[in-house]
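Trainee:
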Amino acid sequence: MKRNIDVCLSPELIGLYDLKGKIVVVVDILRATSVMVTALANGAKEIIPVATLDEAKSYLNKGFLCAAERGGAQVEGFPLDNSPFSYMNEEIKGKPIVITTTNGTLAITKSTTADQVLVGAFLNIQAVADYITKQDKDVIVHCAGWKGKTNMEDTLFAGALVELLYNSHNLACDTAHLSLKYYQSVKDNLLETVKNSAHAKRLNKLHVIKDIEFCVKQSTYDIVLILEGKKLITTS
Ligand SMILES: O=C(O)[C@H](CS(=O)(=O)O)OP(=O)(O)O
Numbered sequence: 001m002k003r004n005i006d007v008c009l010s011p012e013l014i015g016l017y018d019l020k021g022k023i024v025v026v027v028d029i030l031r032a033t034s035v036m037v038t039a040l041a042n043g044a045k046e047i048i049p050v051a052t053l054d055e056a057k058s059y060l061n062k063g064f065l066c067a068a069e070r071g072g073a074q075v076e077g078f079p080l081d082n083s084p085f086s087y088m089n090e091e092i093k094g095k096p097i098v099i100t101t102t103n104g105t106l107a108i109t110k111s112t113t114a115d116q117v118l119v120g121a122f123l124n125i126q127a128v129a130d131y132i133t134k135q136d137k138d139v140i141v142h143c144a145g146w147k148g149k150t151n152m153e154d155t156l157f158a159g160a161l162v163e164l165l166y167n168s169h170n171l172a173c174d175t176a177h178l179s180l181k182y183y184q185s186v187k188d189n190l191l192e193t194v195k196n197s198a199h200a201k202r203l204n205k206l207h208v209i210k211d212i213e214f215c216v217k218q219s220t221y222d223i224v225l226i227l228e229g230k231k232l233i234t235t236s
């Protein structure tokens, strides 16, 4: 029997969805979930996503390696920022990393009533789709958006995942149709499309164009991130 896939376009709307018994895939392409996938693919032990700076500070005071970003910029006093390129070095290998960002970590903390919480990015989209097809569960893609608003790049990821799961999952509601059609209309020109997003323009002011180019690459990493308690780890 086919399962269902639905798309929630903002954390402000997640209360309208019943997450119980379902897999939720949280996505924040620019850049939180792309960073998390990159960090675990490059040897970090686990990611501890936290919603607030105060929580991150308490981990920092205990000696954890911490990343904090607000408004796209690294928060003073924290050693790591929100660029995937900061997670490709020896410093992170084998270590837990605490991350708080403007949108992505909030979406994760709002998803915890689900049966399973996965973290998705274009960087691991095929691995996420393959994992889901082996589970017998309905799926909700939870787009982190930007400060409660819908955004282009997370909606495009949702559409791409709907396309990959089209044969195993029914489209539960209109947002699944919308995101699929939107993705299919621009998928041959994904980078140029995302470069025109409001989020990319905000980040461009911070000179992170290479981050955007990296974050739209598909299936660079063959790993799946799953939330266990408060930690994101790779599934075995
Ligand atoms: O650093 C990022 O990529 C963004 C910054 S913001 O949304 O423009 O403030 O944070 P994220 O939580 O990864 O969307």
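If you read the sequence shown in the working numbering, its first letter stands for residue 1, the second for the next number, and so on. Think of the CB as a built atom: it goes at the ideal place given N, C-alpha and C, for glycine as much as any other residue. Computed from a prediction, not measured in an experiment: that's the story for all the values here.
Give the secondary structure of A73 by DSSP, where H, G and I count as helix, E and B as strand, and everything else as coil.
Mentor: In the sequence shown, the residue the question calls residue 73 occupies position 73. In the structure shown, A73 sits in a strand (DSSP, three-state: E or B).
Trainee: Any chance the CB of N196 is under 8 Å from a heavy atom of ligand 1?
Mentor: The sequence position of residue 196 within the sequence shown is 196, counting from 1. No, Cβ of N196 sits at least 8 Å from all heavy atoms of ligand 1.
Trainee: Roughly how many whole angstroms lie between the Cα atoms of L180 and A158?
Mentor: If you number the sequence shown from 1, residue 180 lands on position 180. If you number the sequence shown from 1, residue 158 lands on position 158. So the two alpha carbons sit approximately 7 Å from each other.
Trainee: Where does the unbroken alpha helix (DSSP H) through L123 begin, and where does it stop?
Mentor: Here residue 123 refers to the residue found at position 123 of the sequence shown. Looking at the DSSP string, L123 is not in any alpha helix (DSSP H), and its letter there is neither H nor E.
Trainee: Keeping to the same chain, check which residues put their C-beta closer than 6 Å to that of I108; ignore five residues upstream and five downstream.
Mentor: Taking the sequence shown and counting its residues from 1, one reaches residue 108 at position 108. For I108, where only same-chain residues beyond five positions count, the Cβ hits under 6 Å are V26, P49.
Trainee: Report the partner residues of H142 according to the DSSP bridge assignment.
Mentor: Residue numbering aside, residue 142 sits at position 142 when the sequence shown is read from its first letter. Its beta-bridge partners are C8, V26.
Trainee: Ordered along the chain, which non-local residues of its own chain (more than five positions away) have a Cβ less than 6 Å from that of L227?
Mentor: The count along the sequence shown starts at 1 and reaches residue 227 at position 227. Excluding sequence neighbours, L227 sits near V117.
Trainee: With distances taken between CB atoms, is the gap from P96 to K231 smaller than 9 Å?
Mentor: For the purposes of this step, residue 96 is identified with residue 96 of the sequence shown, where counting begins at 1. For the purposes of this step, residue 231 is identified with residue 231 of the sequence shown, where counting begins at 1. The answer is yes: Cβ separation under 9 Å.
Trainee: Would the segment 34-45 and the segment 82-95 be scored as touching if the rule is three or more Cβ pairs under 8 Å?
Mentor: Contact holds: three or more Cβ-Cβ distances are below 8 Å.
Trainee: Tell me whether the beta-carbon of N151 lies closer than 9 Å to the beta-carbon of S111.
Mentor: For the purposes of this step, residue 151 is taken as the residue at position 151 of the sequence shown. For the purposes of this step, residue 111 is taken as the residue at position 111 of the sequence shown. Contact: no.
Trainee: State buried or exposed for L70, treating a residue as buried only when at least 16 other CB atoms are found within 10 Å of its CB.
Mentor: Residue numbering aside, residue 70 sits at position 70 when the sequence shown is read from its first letter. The sequence as given places Arg at residue 70; Leu does not occur at that position. The residue in question, R70, is exposed, as its Cβ has fewer than 16 Cβ neighbours within 10 Å.
Trainee: If you measure between the beta carbons of L310 and T175, is that distance less than 9 Å?
Mentor: Given that the chain is displayed from residue 1 to residue 236, the structure contains no residue 310 and the question cannot be resolved.
Trainee: What does H169 pair with, by DSSP beta-bridge criteria?
Mentor: Residue 169 sits at position 169 when you count from the first residue of the sequence shown. H169 pairs with R3.
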